[in-house]
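Residue numbers (the UniProt record's numbering): 1 to 251.
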C-alpha cells in the first residue's frame, strides 16, 4: 500500500510538472525493489525535457539492482535519442536483448528512433528489418534519419518500400522527405510524384506538409508550384507565410 500511495503521488506531482515534489516522494520509497516507482519518475523526467536526469536515475536504478521493464528502456532510449547519448542507448539496447523483451513494437520503434536520431541509420535499418511488425512511426523515424544525413534517395526508397508493405504515411512522413531538396536535380521527378501522392491522400491541406511543399518548390525555384501548394493549405501559420515570402522574393 505504501508503494501504491507513493506511486500515485509521483504521478500526481509530475502531471503538474512539480518534479521537485515528485523526487522528494521518490526518495522516501526508492529502497523498494519494484520498478514501478522508478519507471514513473524516469518517464516524467523525459516527458518534461530532463533527459540527463532521467539517464542518471536509470543508472541509479541499475546500481540498486532494480530490474528494468520494457517501459523503463523505452523512456531511456527516448532520452538517449534526444541527447545523442550513444553509449547509454546501446547499453539499453543490450538490456532489451539480454532480458528477452523483444519483439515489442513500442520498444523496437524506440530503438529505430534512437539510432536514426544519432545518425546511425544502418543500425536503425537493421533494427527495422528485424521487426516482426512495423508501424508508420517506425518507418518515419528511419526516413527522417536518412533525410537528416542528406541521403534523399535512400529516404525515398524507404518510403516506397513502406508503401509496398501496405503502411500508409501520415503528416509526419513527408516533411523530412521534402526538406533540403534544392540540389537533388536527379530526384526532381520523384519529388513531383511525392506531391501527387500527397494530393491523392488529402494531406496537402496539412500546414506542416504544405510548408514543406512550399519550401521544396522554392528551393527548386519552381515558384508557381510553390504558390499552388500554398493555396491548398487550410490554414497558413507563420512558417507557411515565411516560405511564400521567401519564394516570392526569389522570383
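Built from N, CA and C at the ideal position, the CB exists for glycine as well.
Check: To the nearest angstrom, how far is it from the Cα of residue 221 to the Cα of residue 199?
Finding: The sequence position of residue 221 within the chain shown is 221, counting from 1. The sequence position of residue 199 within the chain shown is 199, counting from 1. One C-alpha to the other measures close to 21 angstroms.
Check: Exposed or buried, residue 155, counting other C-beta atoms within 10 Å across all chains shown (16 or more means buried)?
Finding: Translated into the one-based positions of the chain shown, residue 155 becomes position 155. Result: buried.
Checklist line | residue 163 versus residue 75 - alpha carbon distance | finding: As a first step, residue 163 must be located in the chain shown, where it is residue number 163. As a first step, residue 75 must be located in the chain shown, where it is residue number 75. Computed Cα separation, rounded: 29 angstroms.
Check: Are the beta-carbon atoms belonging to residue 218 and residue 179 less than 8 angstroms from one another?
Finding: Taking the first residue of the chain shown as position 1, residue 218 is located at position 218. Taking the first residue of the chain shown as position 1, residue 179 is located at position 179. No.
Check: DSSP three-state call for residue 12: helix, strand or coil?
Finding: To locate residue 12, count along the chain shown from 1; it is residue 12. Its pLDDT being 45, under 50, residue 12 is placed unreliably in this model, and the coordinates cannot settle the point.
Margin query: I'd like the ranges of any alpha helix (DSSP H) spanning at least 4 consecutive residues and lying wholly in the UniProt repeat "PPR" (34–68).
Written below: 35–47, 51–63
Next item on the list: Would you identify the three-state DSSP class for residue 163, choosing helix, strand or coil?
Entry: As a first step, residue 163 is located in the chain shown; it is residue number 163 there, counting from the start. Assignment of residue 163 by DSSP, reduced to helix, strand and coil, places it in the helix class.
Notebook entry, point to check: In chain order, what residues of the same chain lie with their CB nearer than 8 angstroms to the CB of residue 86, ignoring the 5 residues before and after it?
Noted result: Taking the first residue of the chain shown as 1, we reach residue 86 at position 86. Result list for residue 86: 80, 118, 120, in chain order.
Notebook entry, point to check: Between 213, 208, 37, 73, which lies nearest to residue 191 when the distance is taken from Cα to Cα?
Noted result: Translated into positions along the chain shown, residue 191 becomes position 191. Ranking the options by Cα distance to residue 191, first place goes to 213.
Item checked: Residue of 208, 176, 168, 215 minimising C-alpha distance to residue 201 -> By 1-based counting over the chain shown, the position of residue 201 is 201. It is 168.
Notebook entry, point to check: Is residue 166 closer than 8 angstroms to residue 141 when the C-beta atoms are compared?
Noted result: Sequence index remark: in the chain shown, residue 141 carries index 141 (1-based). Sequence index remark: in the chain shown, residue 166 carries index 166 (1-based). Their beta carbons are not under 8 angstroms apart, which means residue 141 does not touch residue 166 by this criterion.
Next item on the list: Quick one: residues in its chain with C-beta nearer than 8 angstroms to the C-beta of residue 149, no 5 flanking neighbours on either side, listed in chain order?
Entry: By one-based count along the chain shown, residue 149 stands at place 149. Only 119, 121 meet the Cβ criterion.
Margin query: Between the alpha carbons of residue 113 and residue 78, how many angstroms are there, rounded?
Written below: Here residue 113 refers to the residue found at position 113 of the chain shown. Here residue 78 refers to the residue found at position 78 of the chain shown. Distance between the alpha carbons of residue 113 and residue 78: 8 angstroms.
Check: Alpha carbon to alpha carbon, how far is residue 55 from residue 42?
Finding: Numbered from its first residue, the chain shown carries residue 55 at position 55. Numbered from its first residue, the chain shown carries residue 42 at position 42. Using only the alpha carbons, I get a separation of about 8 angstroms.
Check: On the three-state DSSP scale, how would you describe residue 118?
Finding: Translated into positions along the chain shown, residue 118 becomes position 118. Three-state result, residue 118: coil.
Item checked: Which of helix, strand or coil DSSP assigns to residue 2 -> Residue numbering aside, residue 2 sits at position 2 when the chain shown is read from its first letter. Residue placement at residue 2 cannot be trusted, given a pLDDT of 42 that sits under 50; the coordinates are not used to answer.
Checklist line | Cβ shell of residue 144 (< 7 angstroms), same chain only, five flanking positions each side left out | finding: Counting from 1 along the chain shown, the entry for residue 144 is found at position 144. Here residue 144 has 116, 176 as same chain residues with Cβ atoms under 7 angstroms from its own Cβ, once five neighbours each way along the sequence are excluded.
Next item on the list: Within the same chain, show all residues whose beta-carbon is closer than 8 angstroms to that of residue 91, passing over the 5 residues directly before and after it, in chain order.
Entry: On the chain shown, position 91 is the one that residue 91 refers to. Sequence-distant partners of residue 91 (beyond 5 residues in either direction) whose C-beta falls short of 8 angstroms from its own C-beta are missing from its chain.
Checklist line | CB of residue 103 within 8 angstroms of CB of residue 131, strictly | finding: For this step, residue 103 is matched to residue 103 along the chain shown. For this step, residue 131 is matched to residue 131 along the chain shown. Their beta carbons are under 8 angstroms apart, which means residue 103 touches residue 131 by this criterion.
Notebook entry, point to check: Taking the alpha-carbon positions, what's the residue 16 to residue 50 distance?
Noted result: Counting from one through the chain shown, the residue named residue 16 turns up at place 16. Counting from one through the chain shown, the residue named residue 50 turns up at place 50. Summary for residue 16: the model assigns pLDDT 41, below 50, so the residue's position carries little reliability; its value from the coordinates is reported in the next sentence. Taking the straight line from one Cα to the other gives about 15 angstroms.
Next item on the list: Specify the secondary structure class of residue 143 as computed by DSSP and reduced to three states.
Entry: Translated into positions along the chain shown, residue 143 becomes position 143. Of the three classes helix, strand and coil, the one that applies to residue 143 here is helix, per DSSP.
Note to self: Is it buried or exposed, residue 5, if we count other Cβ atoms within 10 angstroms and call 16 or more buried?
What the structure shows: Stepping through the chain shown from its first residue, residue 5 is reached at position 5. Legend: pLDDT at residue 5 = 40, less than 50; position of this residue unreliable, value from coordinates given subsequently. By the 10 Å Cβ count, residue 5 comes out exposed.
Next item on the list: Can you give me the Cβ contacts of residue 45 inside the same chain, cut-off strictly under 6 angstroms, excluding the 5 residues immediately before and after it?
Entry: Within the chain shown, the letter at position 45 stands for residue 45. These residues qualify, in order along the chain: 53, 54.
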